[in-house]
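**Student:** Before we start, here is the structure in question, set down as C-alpha cells.
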Amino acid sequence: MFSFKPDRSQYPAAGEDGKLEIDLETGKYLKLWQGPNHPGITGNMSVELTVCGDEVVKGTTHVGYLHRGFEKLMERRTFIQVFPIVCRVCVPEPDFNEYCYAAAVEDLAGIEVPEYADWMRTLILEMGRFNSYMMFLGGIGGALGLGITGQWMTYLRDIMLDRFEELTGARIYHMFILPGGVRGHLPEGFEGRMEEVLDTAERYLADIDRVMFSNSVFKTRTQGVGYIDPALFEPYGVTGPNARAGGVAKDLRKDSPYLVYDQLDFDVVTHTDSDIWARSNVRRQDVQVSIDLIRQILRKMPKTGPAMAKIPNVLHWKIPRGETYIRGECSRGEYGYYLVSDGSGYPRRINVRGPSYTHAMALLEHMIPGTNISDVAALMVSLHTYPPEIER
Amino acid sequence: MGLREVLTPFTVWKRVFDEPVTIKDPIGRPGADRYRGFHQNDMDKCIGCGTCETICQNAAIDMVPIEGVEPEKGDSGLRPQIDYGRCCWCALCVDVCMTGSLTMSNEYTWVDTDPDKFRFIPGIDGDWKDDVAGYEREGQRVLSGVERIHMEEMEPEARICNFDEIVAGYTREEAVLEADRCVECGLCVATCPAHMSIPDYIAAVRDQDYDRGLQLLYETNPFSEVCGRVCTHKCESSCAALHEGDPIAIRWLKRHIIDEVPFDRRIELIGQPVEPNGRKVAIIGAGPAGLTAAFDLARAGTSVVVYEALEHAGGMMRYGIPEYRLPYDALDRDIGVIQAMGVEIKTSCRVGRDVMMEDLQRENDAVVLAIGLHMGRSTRVPGTDGPGVEKAVDLLRRITDGEEVPVPEQLVVIGGGNVAMDIARSMARLQKAKYGEVGITLTALEDIDHFLADPEEVVESREEGVEIFDARGPQEVMRDASGAVTGLRTWRVKSIFDAEGRFAPAYDESDERVHAGTMVIEAIGQAADTSLLGEALTEALEWNRGRIRIDDAFRTSEPWLFAAGDAVKGPDVITAVADGHRVARTVMEEFSARQVMQ
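Quick mapping for you: the protein sequence lines, in order, are chains C and R. Going by full-length UniProt numbering, the residue at position 72 of the first sequence is 72; the numbering climbs one at a time, nothing skipped. Going by full-length UniProt numbering, the residue at position 20 of the second sequence is 20; the numbering climbs one at a time, nothing skipped.
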C-alpha cells in the first residue's frame, strides 16, 4: 500500500525558542490561504498554511470574519430580549443556545419548568443534533470529493427542517425554547410525519454506509489520518464525538443527565482509533442514537400539560444576583452558557462555551503540521467545527 | 482493501432512477400553519399600547398615528409600524401583545424594488392581512401576569357589624407582585382626570422605593390617601391588562405607597412652599377641589384661607363617603399635609352667614368657589313630601356627625349610583346593630349591567343583605291613613332616554311592584346650595342650566371669582382634584397677568 514518506531533510529548522525558521525568500516554502472563502473550510474562518512541496509545515488558524459581538450585545438587552439573539450564535445547531440560555436564566431565577416543556426541549435538541450530523456527513464526503453525500444529507436535513417549521414556526432560527418553557405543543399528527422523516433518513443512511463507509477511497484517506493523541484531550479541552472517537466514553447526556435524558434509554458510542475515520464513524452511529431517541421521546412524552411556567412580567424581569454555568452535550461536544447577573434587568456577562473554539482554533493548529495539503479539509471537517460559535 | 469496497459504492447508482426530491416551485410553497411570516394586526382589537415596541430588541417597531384611528379612552390611537430591514421574526411582539391583536401570517415572500415599502403597517398594508394560517400564540399571554393579586378583605358577616374599613391593603410582597404585572403603556395616564404618573409610581412600588413613589403621587394629587381608597379608578377601565385578564390594581398600589410612608416623612419629602408672594386667596369649601387648589396656591407662596361651613374639613369625602370605605383618620392625614403647607382652614364658618361674600372679595386678590353638591334632589313622585322620606346626603352627613338617625326595620332606597350604595350599606350596618337583621330594598332606573355604581359596590351591597331591584321606576311613596310611609310603588323601566337622548323614562305599567318599608331614602343626585352668593352676585353671574357658567380655565363671568369642583363639573374626587389644580393654575396666571398690567 502506498505510504507517504516525506523527505524530512527539507524541513525548516527550529530556532532556540522552538519557532520554525521559515524564510519565504528561499523559495522552498509557499504561503497558502485555505479560506475564508474555500470549499474545504467549514464556515467563515481560514487556515494560513505554509507548505513545503505538498506537505504542510505550519498552519495558523484565523478567525474574525464572523464576529458579531453577541456577548456584548446581550449585556445591552433585557433578559427576554436576549432570547432572539442567542440562537444566532450557532447557525447549524441553534437550539442548544436557546436551551442553555433559558436554563441558565431559570436556574438563577428559581423557575421550575413544566415536565412537558422538558420533554419538548429534549425533542428539539435531538432534532437539532440530527440536523447537525447531516451537515457533518455531507461535509466530510464533500471534503474528500464525494459530492453525493452532501446532496442526500441536505435533503434529509431539509425534511427535518420541515418538521421544525411545523413545530416551531421557523426553519433555521427556531426560537422555541423560551426562558420558562417552550412556546407551544406538538401539532396534530406530528408523530406520524416525524416517523416518515426518520424512515427516509434510515434508508439514506444505509446508502451512506455503502457509498462512504464501505468505500476504499474514503477508508484509505481517513484511516490513520488526522490522529489525535488521547493525551491531548484534556489539555486541549476536547469533548464530544472527537473525544469519544479516541475511546473516552464521555457524554453529558449520560454523565450528568439534564432535561429528561435520565428517562431515556441509549448507549454512548465510542471508537478507539481517534482518526478521521473513527470520528466519522462515531457520528454516523450517533445519528442512529438520535433517531432512536426521537422515537422514544415521541412515545414517552406526556400528551398534554402546560408548556410554560408562570414567569414574572418579562418587560421588567430582574434576575437575582448570582452566576451559573449550564452545559449540555451538543453534536460537537460540551456546549455551555455562563451567565452572571448583578440583580438588574440586564445580564452582567454571558459567556458562550462552544466546543469549536478549542477544536478549530487550538487543536487544529496543533494537528496540521505534517499533513498533506489535500487532507487539511478533511481534517478540519472531521473536527466538526462551526465558526459562528467561535466568534460570539 | 478488498474488491467489495471498490464495488459497493457503485450500488447507490440505483438512485439515478429515483424521482428528484427537490421542490419544483419553491416560491409558491406555503409556510407551515405556525410559520412566523409577515405580521398581521387586527386594527379594531389593537389599543396602541406599544408593548410590542417595548419588547422588540431590534427596535423594528414604531408606534405611529393612523388616519381614521382616533385616540380614545384605552386606545392611544397609535398602531405599530414594522421595519422589515430590522425585524428578526422572533414573534416576541406577538407573545407580549396585550390584546392578542398582533399575529403573523405564513406568507414569507415579498419582492419590491423600493426599500421604503418594507416599513409597513400590519393590518393596513400587505396582501396577507386576512390570512388565517400563521403564528399566533397558544392561549393567553404568558409574558406578563394575567390575574390580579387578591387583597385581603373582611368577610360580609364581619363587616356588616361595624363601620371598620373593609380592605386591608396589600403587603409589600403582594404589592410588588401586582406592580410587576404593569407593562407601563401609560394608557391610564391619559384616562386619569388628574393625569397621575401611574406607570412611574407603580415602578416605584416594584423597586420598593416608597419615597420616590410618594413624591410622584404628590406631583399630581394631594389626596392620594383618599384616592388610594375611594377613587372611581377610571384608569383601571382603560388598563391594557384588562383585555386578557384583570386590570392592574392601580388604586390599591397608590394606597400601598401612602401606607408605607409615615405622615412626618410625607411632609419632609414634599418640602416647604416657596417664599410668600404677597397674594391672598379665599377658597369657599374644604372639599377635594378647594383643598387641592389651596395646596397648589400655598406651595406657590400665596396666602390661602379656606372657609368651610361644616364642622370638619373634607367636604363630601367626609360627609358623603362612609367610614368603612374611607376612615376619617386617613382623610385627616391628607388634609394635615395641606395644612402643613400653611393653608388656614376655618371650619363652621358659613359664607353668607358668618362672613360675607363682599368682604371676601374686598380682602382677597381672588375667591375660589368650591362648594360641592350638598342638597339632595327629590324624585318628586306623589308622597315624597312629608315625614319618612329622607335624602341620602342628609342622612350620610348626620351619620358622620354622630347624630342619631331614624333606623326602621325595613326601608327602601331609590337610586343606583355610589351614593345610593353608600346610604344602603350604612343603614344596613345600623339596622344590623339595632335589630340584628338587614331589611333594605334598593330600586334603580338602570338595569344591573348599566348601574352607575362601581360593580364592586353592587356585589358588596348584595353580600351585606341589600336586595337590589334593577330597572324599576318610582311612582309613589305609599302612605297609610295616618300618613306613615308603608312602601314604594314602582313600574318596570322600558327605556330611560328617548330617541334624542333626553331623560324621559318609559314604563311598563303592567309590571307594578310595591316594595314594603317604613322609610324611603332618595339617592338620585344632588344640587349646589348657591344661596351664599347673595342676590346681587347671583344676578351678575352667568349661569348654565342651574350651574354657574365657567370657561375652560374655571373662570366665572366675574374676574375675581373662580369656581371648581362638583358644583360646576363633577362627578368624583379625582375630577375635583384635577379641577383644583386647574383653577389654581388659572388664579396664578391671573396674578401674573395683573402684574404685567400694573
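We put the CB at the ideal spot given by N, CA and C, even for glycine.
I'd like to confirm the pairing. Which residues does DSSP put opposite residue 177 of chain C in its beta bridges?
**Tutor:** Paired residues: C:182.
**Student:** Would you mind sorting residue 455 of chain R into buried or exposed? The rule is 16 or more other CB atoms within 10 Å of its CB.
**Tutor:** Exposed: under 16 other Cβ atoms inside 10 Å.
**Student:** For residue 1 of chain C and residue 7 of chain R, I'd like the C-alpha separation in whole angstroms.
**Tutor:** The predicted model places residue 1 of chain C with a pLDDT of 46, which falls under 50 and marks its position as unreliable; any figure quoted below should be read in that light. Distance between the alpha carbons of residue 1 of chain C and residue 7 of chain R is about 19 Å.
**Student:** For residue 277 of chain C, collect the residues of the same chain with a Cβ closer than 6 Å to its Cβ; drop the 5 residues on either side in sequence, then sort them by chain order.
**Tutor:** The answer, listed in chain order, is 222, 223.
**Student:** Does any C-beta atom of chain R lie closer than 7 Å to the C-beta of residue 211 of chain C?
**Tutor:** So, interface residue.
**Student:** Throw me the rounded Cβ distance for the residue 459 of chain C and residue 119 of chain C pair, which I believe falls under 8 Å.
**Tutor:** Given that chain C is displayed from residue 1 to residue 392, the structure contains no residue 459 of chain C and the question cannot be resolved.
**Student:** Quick check: what's the CA-CA separation for residue 75 of chain R versus residue 143 of chain R?
**Tutor:** When rounded, the distance between both Cα atoms is 21 Å.
**Student:** For residue 81 of chain R, tell me which candidate among R:572, R:489, R:116, R:32 has the shortest Cα-Cα distance.
**Tutor:** The shortest C-alpha separation from residue 81 of chain R is found at R:116.
**Student:** Can you give me the Cβ contacts of residue 582 of chain R inside the same chain, cut-off strictly under 8 Å, excluding the 5 residues immediately before and after it?
**Tutor:** Excluding sequence neighbours, residue 582 of chain R sits near 553, 554, 564.
**Student:** Do we get a CB-CB distance below 7 Å when we pair residue 170 of chain C with the residues of chain R?
**Tutor:** Closer than 7 Å: yes.
**Student:** Give the DSSP bridge partners of residue 495 of chain R, in chain order.
**Tutor:** BP columns for residue 495 of chain R point to R:506.
**Student:** In chain order, what residues of the same chain lie with their CB nearer than 6 Å to the CB of residue 584 of chain R, ignoring the 5 residues before and after it?
**Tutor:** Correct list, in chain order: 293, 296, 297.
**Student:** Which runs of the beta strand (DSSP E) fall wholly inside the region 319-396 of chain R and span at least 3 residues, in chain order?
**Tutor:** Listed in chain order, the complete beta strand (DSSP E) runs (minimum 3 residues) inside the region 319-396 of chain R are 344-346, 366-369, 389-391.
**Student:** Taking 7 Å as the cut-off, decide whether the C-beta atoms of residue 267 of chain R and residue 415 of chain R are in contact.
**Tutor:** Cβ atoms of residue 267 of chain R and residue 415 of chain R: not closer than 7 Å.
**Student:** Going along the chain, which residues of its own chain have a beta-carbon closer than 6 Å to the beta-carbon of residue 157 of chain C, five neighbours each way excluded?
**Tutor:** So the list reads 131, 134, once near-sequence residues are dropped.
**Student:** Name the residue from C:330, C:355, C:228 whose alpha carbon lies nearest to the alpha carbon of residue 368 of chain C.
**Tutor:** Among C:330, C:355, C:228, the Cα nearest to that of residue 368 of chain C belongs to C:228.
**Student:** I'd like the span of the alpha helix (DSSP H) that includes residue 435 of chain R, first residue to last.
**Tutor:** Note, residue 435 of chain R: alpha helix (DSSP H), 418-435.
**Student:** Are the C-beta of residue 223 of chain C and some C-beta of chain R separated by less than 7 Å?
**Tutor:** No, residue 223 of chain C lies away from the interface with chain R (no Cβ there is under 7 Å from its Cβ).
**Student:** Beta-carbon within less than 6 Å of residue 330 of chain R's beta-carbon, same chain only, minus the 5 sequence neighbours each way: which residues are those?
**Tutor:** Cβ neighbours of residue 330 of chain R beyond the five flanking positions: 225.
**Student:** Give a yes or no on whether the minimum CB-CB distance between residue 143 of chain R and chain C is below 7 Å.
**Tutor:** Yes - at least one Cβ of chain C is within 7 Å of the one on residue 143 of chain R.
**Student:** Alpha carbons only, please: which of C:99, C:140, C:46 is nearest the one belonging to residue 326 of chain C?
**Tutor:** Among C:99, C:140, C:46, the Cα nearest to that of residue 326 of chain C belongs to C:99.
**Student:** Please determine, among R:146, R:95, R:562, the residue with the shortest C-alpha to C-alpha distance to residue 366 of chain R.
**Tutor:** When each option's Cα is compared against that of residue 366 of chain R, the closest is R:562.
**Student:** Please tell me whether residue 341 of chain C has its Cβ less than 7 Å away from any Cβ of chain R.
**Tutor:** Not an interface residue.
**Student:** Can you pull the chain A neighbours of residue 92 of chain C, defined as C-beta to C-beta under 7 Å?
**Tutor:** No chain A appears in the structure shown, which is made up of the protein chains C and R.
**Student:** Tell me which same chain residues have a C-beta within less than 6 Å of the C-beta of residue 299 of chain R, skipping the five on either side of it?
**Tutor:** Same-chain partners within the cutoff: 273, 341.
**Student:** How long is the line joining the alpha carbons of residue 572 of chain R and residue 317 of chain R, rounded to whole angstroms?
**Tutor:** In a straight line, the C-alpha of residue 572 of chain R is about 10 Å away from that of residue 317 of chain R.
**Student:** May I ask you to check if the CB of residue 161 of chain R is nearer than 6 Å to at least one heavy atom of the ligand FMN?
**Tutor:** The ligand FMN is not part of the structure shown, which contains no ligands of any sort.
**Student:** Along chain R, in chain order, which residues have C-beta atoms closer than 7 Å to that of residue 72 of chain C?
**Tutor:** The contacting residues do not exist; residue 72 of chain C stays about 14 Å from chain R at best.
**Student:** Reducing DSSP to helix, strand and coil, say where residue 559 of chain R ends up.
**Tutor:** If DSSP states are grouped into helix, strand and coil, residue 559 of chain R belongs with coil.
**Student:** Does DSSP classify residue 550 of chain R as helix, strand or coil?
**Tutor:** Looking at residue 550 of chain R - three-state DSSP - the assignment turns out to be coil, as it is neither helix nor strand.
**Student:** May I have the straight-line CA-CA distance separating residue 203 of chain R from residue 316 of chain C, to the nearest angstrom?
**Tutor:** Their backbone Cα atoms lie some 9 Å apart in a straight line.
**Student:** Could you name the residues of the same chain whose beta carbon sits closer than 6 Å to that of residue 215 of chain R, not counting the 5 residues immediately before and after it, in chain order?
**Tutor:** Within the same chain, residue 215 of chain R has close Cβ partners 269.
**Student:** Could you give the uninterrupted runs of the alpha helix (DSSP H) lying entirely in the region 205-288 of chain C, keeping only those of 4 residues or more?
**Tutor:** Entirely contained in the region 205-288 of chain C, the alpha helix (DSSP H) runs reaching 4 residues are, in chain order, 216-222, 241-244, 252-255.
**Student:** Consult DSSP for residue 14 of chain R and reduce its assignment to one of helix, strand or coil.
**Tutor:** Helix at residue 14 of chain R.
**Student:** State yes or no: is the C-beta of residue 373 of chain R within less than 7 Å of the C-beta of residue 194 of chain R?
**Tutor:** No; because the gap between Cβ atoms is not below 7 Å, this pair is not in contact.
**Student:** Given this structure, state the Cα-to-Cα distance separating residue 302 of chain R from residue 437 of chain R, to the nearest angstrom.
**Tutor:** So the two alpha carbons sit approximately 53 Å from each other.
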